[in-house]
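J.: I have a structure I would like to understand better, so I am pasting it below and will then ask my questions one at a time.
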Amino acid sequence: MQTLTGSGGHTGGATGTTVGGQERVGPHRIVAPLGTSGPEAGSGAGGPRFHLAYSEPLGRVVVLMTPPEALAADPGFRVRFASEAGTSARLAGPAAAPVAGVAPQDEEPWVAYDCAPALPLPAALAAQGGPLPVPYVCQLGVSLAAAVLQAHAQGLVYAGLTPAAVLLTAAGPRLVAYGAVRAAAPGDGPRTAVPGLPPAWLPPEQHAGGVPRPLGDVYALGVVLAYAATGAHSPDPAALPEPLASVLAGCLARDPAQRPRADALLQQLQQAQQALSAEPGQQQVPGAVAAALTAQLPSLPAQGPLAPPPGPGEPGGPGGPPAPGQTPETSAGAGAGETSVPPPRPGRRALLRGLAFGAAGLAAGGGGVYAYRRATKEDPPVYRTTPAKGAAPTPLWHYSLQGQEADSISLLGKIAVVETMGALTAVNVRTGKKAWDSDVFADGGLFDLGRGQVLLIPMFGPMEVVDIAGGKSKGAIEDYAVDGKLSFQEAVGAVDGIVYFLATRGSDMEEFSMVAYDTRKGEEVWNKPLPEGYGDLNDNPLSDGERMKIRGRELLIPSAPTSGFDFSYLALDRRSGDKAWEQKFAGIEDYDGPSTFATGAGILVSPKNEGDTLRGFEMRGAKKLWEHPMKEHFSGELTDTRSRVLYGTQGAEVTALSVKNGKRVWRTPVYSGGRFDVTDVVLSGTGGTLFYSNDAEVQAFDTRDGAPLWRFATVSEGGGSSGDGTGVSGRVLAADDGIALVLSKDALYALPVD
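Numbering (my numbering), first residue to last: 6 to 759.
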């Protein structure tokens, strides 16, 4: 058995060529140790052990991680190790080492990563004979920060980021050993001496125990980059060269609150990289490190099976179950009668080409939660991923808006129309492919007319009927221009091709009418003047207050907040435009437009005294039905008419109230990151899931009891957050076919739900 010396004679790793006294570990034959053990490696004495090993299921060499010898026999550790190993398979992104297999529960623990040849960061410094060049460290930091951000966006905390866990490969840096801190020591006890991690490199707040937090990953990443730039075992920001010193000083703060979040750190590292290089992402791997990597090639065995490949139906063979230690993703993929040929190992020239560009990771293509290769300019690519069990559902597809910031989204049947600055892009919600685009700015909204047509209301010009499948115009409605007898003001909605909208009468535009227009026949159905006190929107902005709405056969029109009268509702018959009823609500002393609204159950909900009390009134009769005291202002008007439950937010909580009696059904805390600038609640198509969005993330809850289901965050493709500098959220729009659409600043995601 050969011993790897590709790091300039530094062998490190386990002693000899065996693991736990075995030459084989599961379906792997040990080839050579990787130089990763010892305090100078950043794993400390007794840390996880890494080897190059030949994988029989894959037919090639992998990086094999096994537990510290001192802990391998501990039943509790083995359970934790297996749990973290299983979770690591959920990590995504270019810098996450692909998990090729995990030990079955009845075997000695191990995890196989499909990223050989590889060189641990400590071995790279040994080969270099000292610190790595600062431009390369910045480049490395961009890739690692993007990987950490990816984990955080999935609701995961790495809790195992050390120099030993950073492998340099031909395709770029790869992170391994996810969850090593959690596996090494239970979270409820002190961590004064975590096996495999020097105390100085453990985030200070984790010494006392407790669950590792995302800002602990930021500290650990600062430690890794400081080590790469200085070779020092104890991170000291004062010893760092600029611009790394300015960036990493915040990461290494003892107080977690003083550290940057992963998305902010990524931006800082990208800026530092740009300041050092005119061509970000193109830094060459130091020559000594590249030589150490290529020196591994003679040590790797020929990439072929050690035994005849399994036949059809046999474990690991075509149509058969996975072989022991083999995940379904790594089982043989050849069909009956075909021969599965293992891919060849990379040659020296290909490896060197990869080293020149691959280590840039996300730096060359932009950082973020999802970073993918670009396709044609005409049609941005569609990306499909594998659902991640136990976490936020992995997007079915991701549609890039090519750097254009999204303003709004409308769901029209099977088409989602995204509005960017002065343009519309229609995306098929089933496939994620672009259906059409337009340079029209639909400031007044989009309304489904049925029969595959949509009404588009631009900022300037007449309303237009558009074919939703292809985006072609079917004709404009010219009769309600600004200089007409009736001038369009705001659409209420559309039913069966008839659009209902508010219009002004006369030159002073102070009198209002409601109009019904049949877009299929191209003619007006009716128009009715509105009584005084109805229709004035000047003091009721489009984004606030109770709006006009369609409820069954009626059009509900609220009085204006500044009408001078008691708050009231006017209902018109949709078919004729005649008055159906009018109801005044004398009990509503102070009409609060943004929080007073009619529910689908025929009950009007309104706050009192700055929102500290919520009240319910009959829509017909104005009888007060209930009062509910509130600790904080209630915001939201999402009512599930099937269960008659009202959903909304109160500060750091999502609340469900019974519309019938005002009693609380449930309440649950939400994660905000201290920000509530933008909040929204949306129901899934079945009503089984409630989505809460703020400028930090999207959170999903079970509508039966408010139990949290998952959290999801997006990151802009430029590497920053999707929010306006404050968060990484997206707006959720739920479809009726089991898909929830998440619109971030510059991308659209489809998540499977219910």
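C-beta atoms are modelled at their ideal positions from N, C-alpha and C, and glycine is treated no differently.
According to the neighbour-count rule (16 or more other Cβ atoms, all chains shown, within 10 Å of its Cβ), is G81 buried or exposed?
T.: Position 76 of the sequence shown, counted from the first residue, corresponds to residue 81. With fewer than 16 other Cβ atoms within 10 Å, it is exposed.
J.: Counting C-beta neighbours from all protein chains within 10 Å, is the total for V84 16 or more, i.e. buried, or is it exposed?
T.: Walking along the sequence shown from the start, residue 84 turns up at place 79. By the neighbour-count rule (16 or more Cβ atoms within 10 Å), V84 is not buried but exposed.
J.: Are the CB atoms of R510 and E516 within a distance shorter than 7 angstroms?
T.: Numbered from its first residue, the sequence shown carries residue 516 at position 511. Numbered from its first residue, the sequence shown carries residue 510 at position 505. Yes, they are a contact pair.
J.: Excluding the five sequence neighbours on either side, which residues of its own chain have a C-beta within less than 7 angstroms of the C-beta of Q704, listed in chain order?
T.: Locating residue 704 in the sequence shown gives position 699, where the first residue counts as 1. Closer than 7 angstroms at Cβ, skipping near neighbours: V675, Y676, Y697, P713 and R716.
J.: For S548, which residues from the same chain have a beta carbon less than 8 angstroms from its beta carbon, with the 5 sequence-adjacent residues on both sides left out?
T.: In the sequence shown, the residue the question calls residue 548 occupies position 543. Residue confidence for S548 is low, a pLDDT of 34 falling below 50, so the modelled location carries little weight and cannot support an answer.
J.: Just to check my reading of the structure: P127 and A175 have Cβ atoms closer than 8 angstroms, yes? What is that Cβ distance to the nearest angstrom?
T.: Counting from one through the sequence shown, the residue named residue 127 turns up at place 122. Counting from one through the sequence shown, the residue named residue 175 turns up at place 170. No, P127 and A175 are not in contact; Cβ-Cβ is about 19 angstroms, not under 8 angstroms.
J.: Mind checking whether A87 and L180 have CB atoms under 7 angstroms apart?
T.: Position 82 of the sequence shown, counted from the first residue, corresponds to residue 87. Position 175 of the sequence shown, counted from the first residue, corresponds to residue 180. No, the pair does not count as a contact, with Cβ atoms beyond the cut-off.
J.: Where L149 and A269 are concerned, what is the direct C-alpha to C-alpha distance, given to the nearest angstrom?
T.: If you number the sequence shown from 1, residue 149 lands on position 144. If you number the sequence shown from 1, residue 269 lands on position 264. When rounded, the distance between both Cα atoms is 13 angstroms.
J.: Buried or exposed for D222, going by 16 or more other Cβ atoms inside 10 Å?
T.: Locating residue 222 in the sequence shown gives position 217, where the first residue counts as 1. The residue in question, D222, is buried, as its Cβ has 16 or more Cβ neighbours within 10 Å.
J.: For V504 versus Y485, is the C-beta distance shorter than 7 angstroms?
T.: Your numbering for residue 504 matches position 499 in the sequence shown. Your numbering for residue 485 matches position 480 in the sequence shown. Not in contact: V504 and Y485 (Cβ atoms no closer than 7 angstroms).
J.: Please classify D111 as buried or exposed, where buried requires at least 16 neighbouring CB atoms within 10 angstroms.
T.: Numbered from 1 along the sequence shown, position 106 holds the residue referred to as residue 111. So D111 ends up on the exposed side.
J.: Which residue from A185, G292 and V432 puts its Cα closest to that of G91?
T.: As a first step, residue 91 is located in the sequence shown; it is residue number 86 there, counting from the start. G91 has its Cα closest to that of A185, out of A185, G292 and V432.
J.: Starting from V228, follow the alpha helix (DSSP H) in both directions and report where the run begins and ends.
T.: The sequence position of residue 228 within the sequence shown is 223, counting from 1. From DSSP, the alpha helix (DSSP H) with V228 extends over P219 to T235.
J.: As a quick exercise: from K750, Q279, G690 and L281, pick the residue whose alpha carbon is nearest that of N699.
T.: Position 694 of the sequence shown, counted from the first residue, corresponds to residue 699. Of the candidates K750, Q279, G690 and L281, the one whose C-alpha sits nearest the C-alpha of N699 is K750.
J.: Excluding the five sequence neighbours on either side, which residues of its own chain have a C-beta within less than 6 angstroms of the C-beta of E637, listed in chain order?
T.: The residue you call residue 637 lines up with position 632 of the sequence shown. Only Q655 and G656 meet the Cβ criterion.
J.: If we require 4 or more residues per run, which alpha helix (DSSP H) segments fall completely within the region 75–132?
T.: Runs found: 80–93.
J.: Quick check on the burial criterion: 16 or more other C-beta atoms within 10 angstroms. Buried or exposed for M426?
T.: Walking along the sequence shown from the start, residue 426 turns up at place 421. Its Cβ having fewer than 16 others within 10 Å, M426 is exposed.
J.: Might you give, ordered along the chain, the residues of its own chain that have their beta carbon closer than 8 angstroms to the beta carbon of P463, omitting 5 neighbours on each side?
T.: Working through the sequence shown from its first residue, we reach residue 463 at position 458. The answer, listed in chain order, is V445, F446, A447, D448, G449 and E469.
J.: Using the three-state DSSP reduction, which class does V659 fall into: helix, strand or coil?
T.: For this step, residue 659 is matched to residue 654 along the sequence shown. If DSSP states are grouped into helix, strand and coil, V659 belongs with the strands.
J.: What are the boundary residues of the alpha helix (DSSP H) that includes S148?
T.: What you label residue 148 is simply residue 143 of the sequence shown in a count that begins at 1. Residues V139 to A158.
J.: Give the secondary structure of P168 by DSSP, where H, G and I count as helix, E and B as strand, and everything else as coil.
T.: Counted from its first residue, the sequence shown places residue 168 at position 163. P168 falls in the helix class under three-state DSSP.
J.: Quick one: Cα of A565 to Cα of G692, how far?
T.: Mapped onto the sequence shown, residue 565 falls at position 560. Mapped onto the sequence shown, residue 692 falls at position 687. Going by the C-alpha atoms only, they are around 32 angstroms apart.
J.: Please work out which residues of its chain come closer than 8 angstroms, Cβ to Cβ, to D759, disregarding the five sequence neighbours upstream and downstream, and give them in chain order.
T.: For the purposes of this step, residue 759 is taken as the residue at position 754 of the sequence shown. Within the same chain, D759 has close Cβ partners S689, G690, T691, G693, T694 and G743.
J.: Do P242 and A254 come within 7 angstroms of each other at the CB atom, strictly closer than that value?
T.: Stepping through the sequence shown from its first residue, residue 254 is reached at position 249. Stepping through the sequence shown from its first residue, residue 242 is reached at position 237. Yes, these two residues count as a Cβ contact at 7 angstroms.
J.: Drop a sphere of 10 angstroms on the beta-carbon of E89, count the other beta-carbons inside from all chains shown, and report buried for 16 or more, exposed for fewer.
T.: Translated into the one-based positions of the sequence shown, residue 89 becomes position 84. That one is buried.
J.: Cα separation between D384 and A440?
T.: Translated into the one-based positions of the sequence shown, residue 384 becomes position 379. Translated into the one-based positions of the sequence shown, residue 440 becomes position 435. Note on D384: pLDDT 38, under 50, position unreliable in the model; no value is reported.
J.: Within the 7 angstroms Cβ cut-off, does T694 reach chain D?
T.: Looking at the structure shown, chain D is missing, and only one protein chain is on hand.
J.: Applying the 10 Å Cβ sphere with the 16-neighbour rule, what's the burial state of S251?
T.: Within the sequence shown, residue 251 is the residue found at index 246, counting from 1. Exposed: under 16 other Cβ atoms inside 10 Å.
J.: Return helix, strand or coil for S405, following the three-state DSSP convention.
T.: Working through the sequence shown from its first residue, we reach residue 405 at position 400. DSSP places S405 in strand when its eight states are reduced to three.
J.: Which word fits G557, buried or exposed, when buried means at least 16 other C-beta atoms lie within 10 angstroms of its C-beta?
T.: Stepping through the sequence shown from its first residue, residue 557 is reached at position 552. With fewer than 16 other Cβ atoms within 10 Å, it is exposed.
J.: For the alpha helix (DSSP H) that D710 lies in, which residues bound it at each end?
T.: In the sequence shown, residue 710 corresponds to position 705, counting from 1. Note, D710: premise wrong, no alpha helix (DSSP H); not H, not E.
J.: Could you pull the start and end residues of the beta strand (DSSP E) that L561 belongs to?
T.: Reading the sequence shown from its first residue, position 556 is the one you call residue 561. Taken as a continuous stretch (DSSP letters only), the beta strand (DSSP E) holding L561 covers E559 to P563.
J.: Grouping DSSP H, G and I as helix and E and B as strand, with all else coil, what is K477?
T.: Sequence index remark: in the sequence shown, residue 477 carries index 472 (1-based). Three-state result, K477: coil.
J.: Work out the CA separation of R625 and L651 for me, nearest whole Å.
T.: The sequence position of residue 651 within the sequence shown is 646, counting from 1. The sequence position of residue 625 within the sequence shown is 620, counting from 1. Distance between the alpha carbons of L651 and R625: 19 angstroms.
J.: Check for me: the beta strand (DSSP E) holding L249 runs from which residue to which?
T.: Taking the sequence shown and counting its residues from 1, one reaches residue 249 at position 244. L249 -> not in any beta strand (DSSP E); alpha helix (DSSP H) instead, spanning L249 to C256.
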